[in-house]
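K.L.:
Here it is: the structure, laid out below.
In the numbering used here, the protein residues as written are 84 to 763.
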């Protein structure tokens with residue numbers, strides 16, 4: 084690999100954060116050990132006294148605190164050594180020396196993934212600040228929709244105007260829909276030029292015409308999701324054949340791929356679509372690097388390809404680097420972000436994983452990966468048996484030949500799409516039976532990252548960690564949302580009294596965790612409102628989605644359900660959007676989610692009222708203060724839920740039937756707890 088006079092990228096440790104994180108980890112860890120010591124000694128004392136009434140609640144609380152401690156311990160790995168990487172795209176070699184890139188975009192349902200949104204993603208990738216003859220964009224349409232095919236042809240025509248405009252004026256927002264919704268236009272020197280103003284006005288006019296043409300296609304074409312269709316692969320070009328020849332092309336190659344789907348064959352959802360794109364692109368362009376995007380993710384930085392190449396082409400990193408992951412950013416999230424859509428807390432985790440020489444996990448979108456990491460160069464030895472290669476890569480000898488030539492580094496990309504010579508092989512590669520009796524998913528496309536000694540790097544300032552174990556988080560949250568509250572009603576203390584030293588331990592742990600969260604929020608330039616929104620959404624997820632996700636996994640393991648995948652509905656709802664922009668929650672979720680959530684909330688409200696009444700009657704403030712604080716904190720934090728149940732009258736409120744059912748369920752629990760307090 085070529086050496087450069089100056090490094091293409093660098094990495095430095097975030098020392099201030101490192102010191103804060105490690106100091107907090109030590110102090111918080113000691114406090115957790117003291118807490119567990121208190122629980123174990125209390126439990127031992129209960130067992131000695133044969134106090135069966137206290138054994139179960141203390142045991143459940145101990146389990147929840149052990150889970151909490153375990154999750155906290157795991158989370159410290161990403162905070163131990165945070166690093167930050169910087170790319171220097173201006174130090175890259177000339178365009179002629181940059182490697183080609185294939186772009187994979189997947190769409191599956193035109194009803195849930197609007198055509199215009201998908202086309203904006205396609206157009207944004209074609210406008211990347213990268214040599215056009217070295218970019219090849221592939222759109223996988225799993226629905227086999229005629230509307231999508233017609234729309235992509237219109238997108239190609241508009242791109243012939245949009246791409247030169249972006250290059251000429253160094254447009255930073257390459258997605259036309261987002262560009263015309265923002266104030267970003269061009270460098271200051273060009274902003275007031277009459278030429279720029281005139282061209283921007285004209286390009287906006289042409290974009291509106293493009294939108295109208297897509298809308299007309301949708302209106303005139305039957306929109307349906309086909310589950311039974313042959314493969315269709317088409318290179319998009321105009322009547323003059325533009326888009327085919329690398330010597331003439333001024334915009335990237337654009338290819339539409341609809342793989343074969345039959346009801347009798349499993350299609351493996353997005354994974355299957357990416358497998359087909361990997362094979363088809365191997366025959367057409369076979370670029371050594373691949374960018375993968377979801378259909379609702381546009382490239383918000385045209386330099387991303389060059390930035391990724393700064394890592395991939397760095398001779399000190401390349402041999403051990405598999406892919407470069409970019410963050411998922413959302414341009415239509417408002418400042419309040421009540422739904423925690425930014426996932427702010429997630430991105431900094433990958434900086435810590437990078438510092439541990441692990442790198443981020445693959446998030447499924449927004450990453451530049453080596454084709455070699457998917458196929459494995461080590462398989463192509465001179466003495467390798469063709470039958471073994473077919474077992475790995477399938478029956479297409481032409482496909483195997485193209486891969487082997489690429490890995491021998493003498494493959495010259497052929498941009499011409501010769502239908503008579505190639506189309507038959509492409510039909511085979513896109514068939515639903517191609518990978519039968521082969522090692523696809525294990526050897527080929529099975530991410531040979533760790534086998535090759537590969538390492539993953541996160542690009543620049545942001546990163547993502549994997550989800551916490553949903554079942555553990557849900558168990559811990561349900562214990563803390565139920566047990567202290569029910570025993571508060573009974574007047575039974577599960578926490579140390581104010582005069583005990585262990586009261587300080589519990590208080591320190593709570594304040595330590597919350598202040599650390601606030602510090603991390605401020606560090607990423609967000610407000611205290613972000614802290615409250617994140618706390619609220621974490622709890623809601625733990626009590627609902629994590630619970631049902633865990634149950635579904637268990638049911639799948641015992642054979643009661645099968646794994647299914649449904650695309651997220653990306654069609655905007657005007658009413659929901661209006662509420663979101665106003666900072667008002669939409670509680671029109673399925674009853675199976677809302678009933679448990681509202682029931683637990685009403686139980687906390689009821690236990691707080693009854694509990695405070697009992698405390699005032701018995702004057703046990705010192706014994707019950709910590710226990711009473713738990714439902715108080717939950718009630719205040721989740722007040723929007725009470726608003727949705729009682730005060731709101733709009734369509735986004737909690738359904739009255741859900742509210743009444745939740746009140747009934749919580750009343751039953753509270754009544755049983757109150758009755759038990761009279762007898763035990």
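Idealized CB from N, CA, C, for every residue including glycine. The model shown is predicted, which means the values in this text are computed figures rather than measured ones.
By a C-beta neighbour count over all protein chains shown, 10 Å radius and 16 as the cutoff for buried, is residue 120 buried or exposed?
P.N.:
For the purposes of this step, residue 120 is identified with residue 37 of the chain shown, where counting begins at 1. Flag for residue 120 reads exposed.
K.L.:
If you check the beta carbons only, do residue 338 and residue 319 fall under 8 angstroms apart?
P.N.:
As a working note, residue 338 is residue 255 in the chain shown. As a working note, residue 319 is residue 236 in the chain shown. Contact: yes.
K.L.:
In whole angstroms, give me the CA-to-CA distance for residue 144 and residue 136.
P.N.:
Taking the first residue of the chain shown as position 1, residue 144 is located at position 61. Taking the first residue of the chain shown as position 1, residue 136 is located at position 53. Computed Cα separation, rounded: 14 angstroms.
K.L.:
Would you mind stating whether residue 385 and residue 182 have Cβ atoms separated by less than 8 angstroms?
P.N.:
On the chain shown, residue 385 is found 302 positions in, with the first residue counted as 1. On the chain shown, residue 182 is found 99 positions in, with the first residue counted as 1. No.
K.L.:
Would you call the CB atoms of residue 693 and residue 707 closer than 8 angstroms?
P.N.:
As a working mapping, residue 693 is identified with position 610 in the chain shown. As a working mapping, residue 707 is identified with position 624 in the chain shown. Taking 8 angstroms as the Cβ cut-off, residue 693 and residue 707 do not qualify as a contacting pair.
K.L.:
Name the residue from 725, 570, 736 whose alpha carbon lies nearest to the alpha carbon of residue 746.
P.N.:
Position 663 of the chain shown, counted from the first residue, corresponds to residue 746. Closest option to residue 746, Cα to Cα, is 725.
K.L.:
What residue from 421, 710, 736 has the CA that sits closest to residue 665's CA?
P.N.:
Reading the chain shown from its first residue, position 582 is the one you call residue 665. When each option's Cα is compared against that of residue 665, the closest is 421.
K.L.:
Residue 344 and residue 312 - do their beta-carbons sit closer together than 8 angstroms?
P.N.:
Position 229 of the chain shown, counting from 1, holds the residue named residue 312. Position 261 of the chain shown, counting from 1, holds the residue named residue 344. Result yes, Cβ atoms of residue 312 and residue 344 sit closer than 8 angstroms.
K.L.:
Taking all protein chains shown into account, decide if residue 362 is buried (16 or more other Cβ within 10 angstroms of its Cβ) or exposed.
P.N.:
To locate residue 362, count along the chain shown from 1; it is residue 279. Classification of residue 362: buried, given that the 10 Å Cβ count is 16 or more.
K.L.:
Is residue 388 near the ligand SAM, going by C-beta to nearest heavy atom under 7 angstroms?
P.N.:
No copy of the ligand SAM occurs in the structure displayed, which carries no ligand at all.
K.L.:
Name the DSSP bridge partner or partners of residue 312?
P.N.:
Walking along the chain shown from the start, residue 312 turns up at place 229. Note: residue 312 sits in a beta bridge opposite 344.
K.L.:
Does the region 228 to 246 touch the region 402 to 412, meaning 3 or more C-beta pairs lie closer than 8 angstroms?
P.N.:
Taking 8 angstroms as the limit for Cβ pairs, the verdict is that the region 228 to 246 does not touch the region 402 to 412.
K.L.:
CB residue 812 to CB residue 625, shorter than 8 angstroms?
P.N.:
The requested residue 812 is not part of the displayed model; the chain covers only 84 to 763.
K.L.:
Between residue 382 and residue 105, what straight-line distance do the alpha-carbon atoms span, to the nearest angstrom?
P.N.:
For the purposes of this step, residue 382 is identified with residue 299 of the chain shown, where counting begins at 1. For the purposes of this step, residue 105 is identified with residue 22 of the chain shown, where counting begins at 1. Distance between the alpha carbons of residue 382 and residue 105: 36 angstroms.
K.L.:
Alpha carbon to alpha carbon, how far is residue 253 from residue 680? Give it in angstroms, no decimals.
P.N.:
One-based indexing of the chain shown puts residue 680 at position 597. One-based indexing of the chain shown puts residue 253 at position 170. Taking the straight line from one Cα to the other gives about 49 angstroms.
K.L.:
Any idea if residue 226 is buried or exposed, counting beta-carbon neighbours within 10 angstroms, 16 or more meaning buried?
P.N.:
Here the question's residue 226 lines up with position 143 in the chain shown. Buried.
K.L.:
Check whether the region 707 to 724 touches the region 681 to 690, taking contact to mean three or more Cβ pairs, one atom from each stretch, closer than 8 angstroms.
P.N.:
yes
K.L.:
Find the nearest neighbour of residue 673 within the set 250, 735, 612, judged by alpha-carbon distance.
P.N.:
The residue you call residue 673 lines up with position 590 of the chain shown. Nearest Cα to residue 673 within the set 250, 735, 612: 735.
K.L.:
Please work out which residues of its chain come closer than 6 angstroms, Cβ to Cβ, to residue 606, disregarding the five sequence neighbours upstream and downstream, and give them in chain order.
P.N.:
In the chain shown, counting from the first residue as 1, residue 606 sits at position 523. No residues qualify anywhere along the chain.
K.L.:
Measuring alpha carbon to alpha carbon, tell me which residue in 563, 568, 447, 695 is nearest residue 755.
P.N.:
In the chain shown, residue 755 corresponds to position 672, counting from 1. It is 568 whose Cα lies nearest to the Cα of residue 755.
K.L.:
Helix, strand or coil for residue 110, going by three-state DSSP, please let me know.
P.N.:
As a working mapping, residue 110 is identified with position 27 in the chain shown. The answer is helix: DSSP assigns residue 110 an H, G or I state.
K.L.:
Per DSSP, residue 375 is paired with what?
P.N.:
As a working mapping, residue 375 is identified with position 292 in the chain shown. When DSSP reads this structure, residue 375 sits in a beta bridge with 187, 450.
K.L.:
Is the Cβ-Cβ distance between residue 92 and residue 394 less than 8 angstroms?
P.N.:
Working through the chain shown from its first residue, we reach residue 92 at position 9. Working through the chain shown from its first residue, we reach residue 394 at position 311. Less than 8 angstroms divides the Cβ of residue 92 from the Cβ of residue 394.
K.L.:
Any idea what DSSP makes of residue 221, helix, strand or coil?
P.N.:
Start at 1 with the first residue of the chain shown, and residue 221 comes out as number 138. Three-state DSSP puts residue 221 in a strand.
K.L.:
CA-CA distance, residue 108 and residue 749?
P.N.:
Mapped onto the chain shown, residue 108 falls at position 25. Mapped onto the chain shown, residue 749 falls at position 666. Taking the straight line joining both Cα atoms gives about 38 angstroms.
K.L.:
Since residue 188 and residue 222 are thought to touch, with beta carbons under 8 angstroms apart, how far apart are those beta carbons, to the nearest angstrom?
P.N.:
For this step, residue 188 is matched to residue 105 along the chain shown. For this step, residue 222 is matched to residue 139 along the chain shown. That belief holds up - the Cβ atoms of residue 188 and residue 222 are roughly 5 angstroms apart, short of 8 angstroms.
K.L.:
Please list, in chain order, all residues of the same chain as residue 103 whose beta carbon is under 8 angstroms from its beta carbon, the five residues on each side excluded.
P.N.:
Along the chain shown, read from residue 1 onward, the residue named residue 103 stands at position 20. Only 602 meet the Cβ criterion.
K.L.:
Who does residue 169 pair with in a DSSP beta bridge?
P.N.:
On the chain shown, residue 169 is found 86 positions in, with the first residue counted as 1. Residue 169 pairs with 93.
K.L.:
Where does residue 603 sit, in a helix, a strand or coil, going by DSSP?
P.N.:
Sequence index remark: in the chain shown, residue 603 carries index 520 (1-based). Reduced to three states, the DSSP call for residue 603 is helix.
K.L.:
My output table needs one value for residue 125: the three-state DSSP class, helix, strand or coil.
P.N.:
Here the question's residue 125 lines up with position 42 in the chain shown. DSSP places residue 125 in helix when its eight states are reduced to three.
K.L.:
My guess is that residue 154 and residue 243 are in contact by the Cβ rule of under 8 angstroms, so how many angstroms apart are they, rounded?
P.N.:
Here the question's residue 154 lines up with position 71 in the chain shown. Here the question's residue 243 lines up with position 160 in the chain shown. Not really, about 52 angstroms apart at Cβ, beyond 8 angstroms.
K.L.:
Taking Cβ positions, are residue 99 and residue 348 nearer each other than 8 angstroms?
P.N.:
Along the chain shown, read from residue 1 onward, the residue named residue 99 stands at position 16. Along the chain shown, read from residue 1 onward, the residue named residue 348 stands at position 265. Contact flag unset, no.
K.L.:
How long is the line joining the alpha carbons of residue 430 and residue 148, rounded to whole angstroms?
P.N.:
On the chain shown, position 347 is the one that residue 430 refers to. On the chain shown, position 65 is the one that residue 148 refers to. Distance between the alpha carbons of residue 430 and residue 148 is about 26 angstroms.
K.L.:
What first and last residue would you give for the alpha helix (DSSP H) that runs through residue 73?
P.N.:
Missing from the structure shown is residue 73; the chain here goes from 84 to 763 and no further.
K.L.:
Determine the DSSP secondary structure at residue 317, reduced to helix, strand or coil.
P.N.:
Position 234 of the chain shown holds residue 317. Strand.
K.L.:
For residue 548, which of helix, strand or coil comes out of DSSP?
P.N.:
Your numbering for residue 548 matches position 465 in the chain shown. Confidence at residue 548 is low in this model, with a pLDDT of 34, below 50, so the placement of that residue should be treated as unreliable; the coordinate-derived value is given next. Of the three classes helix, strand and coil, the one that applies to residue 548 here is coil, per DSSP.
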